[in-house]
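Notes to accompany the following structure.
Protein chains: 4
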Amino acid sequence: MQKITILIHCKDKPNIIASVTNFIAEKQGNIVYIDQHVDREQNIFFMRLESEFIHDSFTADAFKDSFRNALAAKFGMKWRIYSSARKPKMALFISKYDHCLYDLLGRYNSGELNLEIPFIISNHLDLKSIADNFKIPFYHIPVTKDTKEAAEQKQLELLEAHKIDFIVLARYMQIISSNLIAKYPNKIINIHHSFLPAFVGAKPYHSAFKRGVKIIGATSHYVTEELDAGPIIDQGVTRVTHSHAIEDLIAKGRDLEKIVLANAVKLHTNRKVMVYNNKTVIFS
Amino acid sequence: MQKITILIHCKDKPNIIASVTNFIAEKQGNIVYIDQHVDREQNIFFMRLESEFIHDSFTADAFKDSFRNALAAKFGMKWRIYSSARKPKMALFISKYDHCLYDLLGRYNSGELNLEIPFIISNHLDLKSIADNFKIPFYHIPVTKDTKEAAEQKQLELLEAHKIDFIVLARYMQIISSNLIAKYPNKIINIHHSFLPAFVGAKPYHSAFKRGVKIIGATSHYVTEELDAGPIIDQGVTRVTHSHAIEDLIAKGRDLEKIVLANAVKLHTNRKVMVYNNKTVIFS
Amino acid sequence: MQKITILIHCKDKPNIIASVTNFIAEKQGNIVYIDQHVDREQNIFFMRLESEFIHDSFTADAFKDSFRNALAAKFGMKWRIYSSARKPKMALFISKYDHCLYDLLGRYNSGELNLEIPFIISNHLDLKSIADNFKIPFYHIPVTKDTKEAAEQKQLELLEAHKIDFIVLARYMQIISSNLIAKYPNKIINIHHSFLPAFVGAKPYHSAFKRGVKIIGATSHYVTEELDAGPIIDQGVTRVTHSHAIEDLIAKGRDLEKIVLANAVKLHTNRKVMVYNNKTVIFS
Amino acid sequence: MQKITILIHCKDKPNIIASVTNFIAEKQGNIVYIDQHVDREQNIFFMRLESEFIHDSFTADAFKDSFRNALAAKFGMKWRIYSSARKPKMALFISKYDHCLYDLLGRYNSGELNLEIPFIISNHLDLKSIADNFKIPFYHIPVTKDTKEAAEQKQLELLEAHKIDFIVLARYMQIISSNLIAKYPNKIINIHHSFLPAFVGAKPYHSAFKRGVKIIGATSHYVTEELDAGPIIDQGVTRVTHSHAIEDLIAKGRDLEKIVLANAVKLHTNRKVMVYNNKTVIFS
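Protein chains in written order, with the working numbering: chain B, -16 to 267; chain R, -16 to 267; chain U, -16 to 267; chain V, -16 to 267.
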């Protein structure tokens, strides 16, 4: 049995849902999940559908061709179709903070994440031993002002050689270049340690402390050209009080960052995120 | 234009979604919302669908007949179809606590609730002036051990005379009889002041205080024969500490009760709740 | 019996706590609450203390004199002492939104708020009937560009005539003048319908919708010269999804606003808030 | 400099706070933290105080003697005094679930936890490699019905040999004997995967699924004779919907368990927990 996940968006028109469900029925698929959303302001239709196919002759490639010809053209759809047969490949970019790394690798090791991690890249050696313990190849690619371009070239070679599907910046602490962003659009997930759009940029916990907020947060988002302004995937918050010093905010924030980043990784991996207009539609 | 909301559940089988969406397309309806759920344990399929019909000849009754014949029989569906043309009618049962009453009437007055409140029933006169201020008919029906049956008879007469669709117990504090429950199955909403199933029965804040919990809650649910054991519609929680006395828990709980009850009223009114196996499916 | 609440802040030095507790003991007071906080960055000490006095000869004024001479001078304290004998007086400023008004008046009527509301001021007549229902004097003071100064003069006269202690802007929607702010420093509480410092200014729910945040919030704060930048008293948040339109955010936000504003009113009324460096210390 | 933390509880009487703060002042200590709580129902006074001592002659033992003679006897105090000079020693009991283990060891390695972990005990070998990676001695002590007593004897020997201060059951899944509980009263921390007192005992996520709750939780508590009924230290909750299968509840629950257990470990380690009447006072 093969499971196919279809993500569609297009201008809203009558009969899209009936047309798609008919198409699936004709192909002898059984729909096990359907959800849709319409952005009324923009008049855009979004749909996510999972279907199971049991007959022998089914192939994802033939299905895609047929879908393209029969439906996509007619409705002017932008679409993606994923087969359950292939696990997505995630590259981890890290630096010196270990909490998100431990958290993701712990989940990975327990089988909680439906993905593969071909390698970890870091600009520092501090966390190499953790990668070693989890038996994941670790590439040390230092980044300085002068070597930034060459470093990125090495990164790109690794990403391409391993057919990486998406990148997770687990507190990587480096600005990603336009070039890399363009090659992985809506495929680079960052965790920012504030409740965006509050406290963009460096040292958000310090800013939160100074402003005297009563709630702090963390935000996972896709990386775009503008710093910390990409489509938000998930956010988490926790209460703080005047009694918390900056280091307390940082410690409490670590727990938020871990969970909010792991949620984003799971949503992305399970094909539950669609991006439109610098926002996300997150299917359940 | 008329909007129709359809709620369906039946044994899960292939092609239900395609069949229903086709049916709507044939009737020239435009689907504006579809969501579904499958309980894999029980193999039950649930669906909620909203469709707009613009042609002149459309009538809800004819649609229902057609749906019954064309689809419901074939798939063995249990189904309900609601037209947007009719607002549900809610009876409010209250006693001496005013916080849920103020909250619901405030929302009602502001147009937040898509329903009508033909009357309020109370076993005490304490809150009559509030009903008067909001210009809602108030019936004082005292309940004692001896008059319980006669009181309920009066309640039933009012409910039937006003064609009431559902009842909300806004801290009514009286046990509802089997007879009334049977007449309004999954149509009587109660607010219980604990995080069910913890602290069933009387004085849950006292029990929560004694147990030393760090979080208290409130639960809205449909009333069934077994006390506080009906299908849960919504729950809310808030943190407490050792420094909160019982009266503090009660005060904090009031805010939970108001919101959790109002949520349940809105979900029920918007036909977003399906009940099955003493649980609810809550569509978004 | 009289209860005295003392709020102190001063440069942190050794022996402040012992000196103050000794002073209370000498006056035959029994301390029923003590809490303190030290801002290590600024080296500022904060303390809140409640003490009960049962002997006949106790008077708050004599106590204040004695405290001033014996302690305040020595440690360079800024301090406030409140007697339980006097309830604070709150003026409500409203406009056209009724949800915070209903909420506060409902709480007030139920005895949940330990304060008096001598009057309500509004620049519109829309909500007059609510004030009437709750039997609270309502003053209609329209504000236009031309009448702004005269309107404020009328407001000030009312505030002074009624010996108002603090002002609550329950979605008043007008900018408060520097003059009024200066007369009621850290005594004007506003509710802003966003998670500050995100979405300062007008139409924050529209901005939140546009940014695609997954959590929205509300913030109660003291009004200062800079718009929406005053010391934060309380914040609340709730989850939203892509499926929520702007009007859904507004509706969900109303529930946040009510609770976050009511919390601020209770904290202020119970003398649990100290302001320092544009931040608050909130005692439990 | 040495920091002393004092925890006191006794019958509430006037002048306790003044007496204790005076005592500290006489010993030339500087109070850097004071908080208190009175259980009005039981008339019990609780206090937590931190004081810094800088003079050379200070010793914790002499201080304790002096405190016992000067204050404890007079007020009938139960008290504990801890010096910052000694880190508490924690034994980890685990079984087959790795999420709490990874989480605690990740925090430990990062320096977030102010404690030592002399060893890990498990009744299974599954997680030995994790202990090895973190270079913590791992003792495999299998437990069967027949070997339970002998196994516990081995556990006790290890606990005593290493002068263990408290035990953490990180999803250990075995009932702790009365004997062990008696030797470590309020010193064995368990994580239960439900919002206690709901769903006591085995398979709470299955029970939560069956009941159809809309919020699930986790509870850290001290182990007492009665199963899952000991004093609650911390609780956490998260929302679930009908769309979550049991395995989803389990996965979401893991994140709660990690954080709620880590919070309990930190509160216990920082001497912020007092136990009374099967409840906890948790100082900030």
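For glycine and all other residues, C-beta sits at the position ideal for the given N, C-alpha and C.
With a threshold of 9 angstroms between beta-carbons, can residue i be considered close to chain B, or not?
i: V/R237; result: yes
i: U/V206; result: no
i: U/Q136; result: no
i: V/T224; result: yes
i: R/S203; result: no
On a Cα-Cα basis, can you pick out the residue from the options that is closest to residue i?
i: U/S177; options: U/H204, U/Y65, U/Q157 and U/A165; result: U/H204
i: R/D231; options: R/H189, R/L108, R/L54 and R/T42; result: R/H189
i: U/T202; options: U/L210, U/D211, U/V196 and U/Q218; result: U/Q218
i: R/K72; options: R/A134, R/L141, R/K79 and R/E135; result: R/L141
i: R/N26; options: R/D86, R/Y91, R/I265 and R/N260; result: R/N260
i: V/I216; options: V/R194, V/K249, V/D129 and V/N97; result: V/K249
i: V/N92; options: B/D81, B/H123 and B/K111; result: B/D81
i: B/T263; options: U/K128, U/L32, U/F192 and U/V258; result: U/F192
i: R/S40; options: R/R51, R/A247, R/L210 and R/K10; result: R/K10
i: R/I(-11); options: R/P(-3), R/Y16 and R/A1; result: R/Y16
i: U/T224; options: U/V243, U/R194 and U/L239; result: U/R194
i: R/I147; options: R/P180, R/T130, R/E99 and R/A134; result: R/E99
i: B/G200; options: B/H227, B/P168, B/K235 and B/G184; result: B/K235
Please list the partners that residue i has in chain B, where partner means a Cβ-to-Cβ separation under 8 angstroms.
i: V/D81; result: G89, N92 and S93
i: R/N246; result: The contacting residues do not exist; R/N246 stays about 18 angstroms from chain B at best.
i: R/I7; result: A1
i: U/A181; result: F178, L179, P180 and A181
Might you give, ordered along the chain, the residues of its own chain that have their beta carbon closer than 6 angstroms to the beta carbon of residue i, omitting 5 neighbours on each side?
i: R/S34; result: I(-13), I7, G12 and I14
i: B/I198; result: V220 and R222
When the cut-off is 9 angstroms and only beta carbons count, does residue i lie next to chain U?
i: V/P(-3); result: yes
i: V/Y16; result: yes
i: R/A68; result: no
i: V/S49; result: no
i: B/P71; result: no
i: V/N97; result: no
i: V/Q19; result: yes
i: B/V126; result: no
Would you kindly check if the distance between the Cβ of residue j and the Cβ of residue i is under 9 angstroms?
i: V/N162; j: V/G213; result: no
i: V/C(-7); j: V/K47; result: no
i: B/I164; j: B/E208; result: yes
i: B/A153; j: B/L75; result: yes
i: B/Y122; j: B/I150; result: no
i: V/V196; j: R/L179; result: yes
Could you tell me whether any Cβ in chain R is nearer than 9 angstroms to the Cβ of residue i?
i: V/V220; result: yes
i: B/T4; result: yes
i: V/I198; result: yes
i: B/S40; result: no
i: V/E209; result: no
Report all residues from its chain with a CB closer than 8 angstroms to the CB of residue i; omit the five preceding and five following residues, and keep chain order.
i: U/A320; result: A question about residue 320 of chain U goes unanswered here, because the residues of chain U that appear run from -16 up to 267.
i: B/I113; result: D81, L84, Y85 and L88
Please list the partners that residue i has in chain R, where partner means a Cβ-to-Cβ separation under 8 angstroms.
i: V/D44; result: Correct list: empty, because the minimum Cβ distance to chain R is about 31 angstroms.
Give the interface partners of residue i over in chain B, defined as CB-CB distance under 9 angstroms, in chain order.
i: U/K111; result: The premise fails here: U/K111 is roughly 34 angstroms from chain B at the closest Cβ pair, so nothing lies under 9 angstroms.
List the residues of chain U whose Cβ lies closer than 8 angstroms to the Cβ of residue i, in chain order.
i: V/N13; result: P(-3) and N(-2)
If the cut is a Cβ gap below 9 angstroms, which residues of chain V does residue i touch?
i: R/K255; result: Simply none; closest approach about 11 angstroms.
i: B/S267; result: T224 and S226
Within a Cβ cutoff of 7 angstroms, which residues of the same chain sit near residue i, ignoring the five residues on either side of it in sequence?
i: V/I242; result: G219
i: R/N106; result: S78, I124, P125, V126 and Q157
Using beta carbons (cut-off 9 angstroms, strictly below), is residue i in contact with chain V?
i: B/Y85; result: yes
For residue i, return the contacting residues in chain B, with the cut-off set at a CB-CB distance below 7 angstroms.
i: V/I242; result: D238
i: U/K249; result: Those within 7 angstroms of U/K249 in chain B number zero; the least Cβ separation is about 15 angstroms.
Applying a beta-carbon distance threshold of less than 7 angstroms, which residues of chain R neighbour residue i?
i: V/D217; result: K197
Whose Cβ in chain V lies nearer than 8 angstroms to the Cβ of residue i?
i: B/A234; result: E95
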